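Notes for the one structure printed next.
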Amino acid sequence: MADLGNLVEDCLKAVRDDPTHKAVAEVVKVAMSDSDAFMDEIGEPEKSGLTPIYKSSELTIINVVWKPQMVLMPHDHAMWAVIGLYTGREDNIFWRQIKDDPQGRIEAAGAKSLGPGDITPLGKDVIHSVTNPVSKLTGAIHVYGGDFFEAERLEWEAEGLTSRRWDPERTKALFAD
Ligand SMILES: [Fe+2]
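Every position in the sequence shown, counted from 1, becomes a number in our numbering once 229 is added.
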C-alpha cells in the first residue's frame, strides 16, 4: 500500500485543532476531490475488507472495501464519522429509534447515495445501513472520532429491526473475502 502519511497526519492535526467532525471532514473532502488520484495512491480495490490505516483512542481511519451488492445491517458508531468515496457507490439508509419501543426498533428516516468524490459526515447518534448497489467492489475511507473497534455499539437485525449489541466479529465476517 502507498504511503498515506499525509491523510493520517492531516486528520490527526484536524481532530486536535477541532474535536468535532468538521475539520476532519475538510481533510477528507480535499483527499476525495481527485478520487482517481486518491485511488492511485491507496490502490484499486482487489478484495473486500476493513483495513485499518490508523487506530488510536482519538481516531480510527479505515479503508472500507464493499463486496459487489453487499448489504450491511443498520448500526450506530457511538462516535462521529466521516465517509469519503473513491470508487463505486455507497447507498446509505438513515434510521431513527422508535420512541419507547420495548425492542429498541428503528424506522427509516432518510437516505443518501455517495459516488466517487462524495463525502458525508455522520453525527455521533446516527444509525445507518449501507448497500453497495453496483456489481464491482466499492472503496471508501471511513474516519471515526474514536476507537471504532473498541466502542460499545448497537446494531439492528435487518428483518425485524430489533436492536442487539454490536458484534465486531459478525461485521468482519460479512467483509471476509
Ligand atoms: Fe457505519
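Where a beta carbon is used, it is the ideal one built from N, C-alpha and C, also for glycine.
This one's a predicted model, so the numbers in the text were calculated from it and none came from an experiment.
To which residues does DSSP link residue i through a beta bridge?
| i | result |
| --- | --- |
| Tyr373 | Thr289 and Ala310 |
| Ile356 | Trp324 |
| Ser264 | DSSP lists no partner for Ser264. |
| Ser364 | The partner list for Ser364 (beta bridge, DSSP) is empty, contrary to what the question assumes. |
Using alpha carbons as the reference points, say which of the options lies closest to residue i.
| i | options | result |
| --- | --- | --- |
| Gln298 | Leu314, Glu336 and Asp320 | Asp320 |
| Asp265 | Arg334, Gly368 and Arg382 | Gly368 |
| Pro303 | Leu288, Val359, Lys296 and Val237 | Val359 |
| Asn292 | Ile335, Leu279 and Ala405 | Leu279 |
| Val237 | Phe404, His357 and Lys284 | Lys284 |
| Asp396 | Ala380, Val244 and Asp406 | Ala380 |
| Asp330 | Asp247, Asn235 and Gly389 | Gly389 |
| Ser344 | Asp246, Asp263, Asp247 and Glu270 | At residue 344 the sequence reads Gly, which differs from the Ser that was named. Here the closest residue by C-alpha is Asp263. |
To the nearest whole angstrom, what separates the beta carbons of residue i and residue j, a pair I think is in contact under 8 Å?
| i | j | result |
| --- | --- | --- |
| Met290 | Cys240 | The question names Met, but residue 290 is Ile in the sequence shown. So it is a contact: roughly 6 Å between Cβ atoms. |
| Thr249 | Trp309 | 7 Å |
| Val256 | Glu287 | With 8 Å as the limit, Val256 and Glu287 do not qualify as a contact, their Cβ atoms being about 14 Å apart. |
If you draw a straight line from the alpha carbon of residue i to that of residue j, how long is it in whole angstroms?
| i | j | result |
| --- | --- | --- |
| Ala231 | Val259 | At Ala231, the pLDDT of 47 sits below 50, so the modelled position is not reliable; the number obtained from the coordinates is stated separately. Each residue's alpha carbon lies about 18 Å from the other. |
| Ala340 | Ile312 | 14 Å |
| Pro362 | Gln332 | 29 Å |
| Glu386 | Glu398 | 15 Å |
| Glu384 | Phe377 | 14 Å |
| Thr349 | Val253 | 11 Å |
| Ala307 | Leu301 | 17 Å |
| Lys365 | Tyr315 | 13 Å |
| Leu233 | Tyr373 | 17 Å |
| Asp354 | Ile370 | 20 Å |
| Lys251 | His357 | 19 Å |
| Ser342 | Gly317 | 11 Å |
| Thr391 | Asp305 | 13 Å |
| Arg394 | Phe267 | 35 Å |
| Glu273 | Arg334 | 38 Å |
| Glu275 | Pro281 | 16 Å |
| Asp247 | Trp295 | 30 Å |
Output the residues surrounding ligand 1, defined as those with a CB atom closer than 6 Å to any ligand heavy atom, in chain order. His304, His306 and His357
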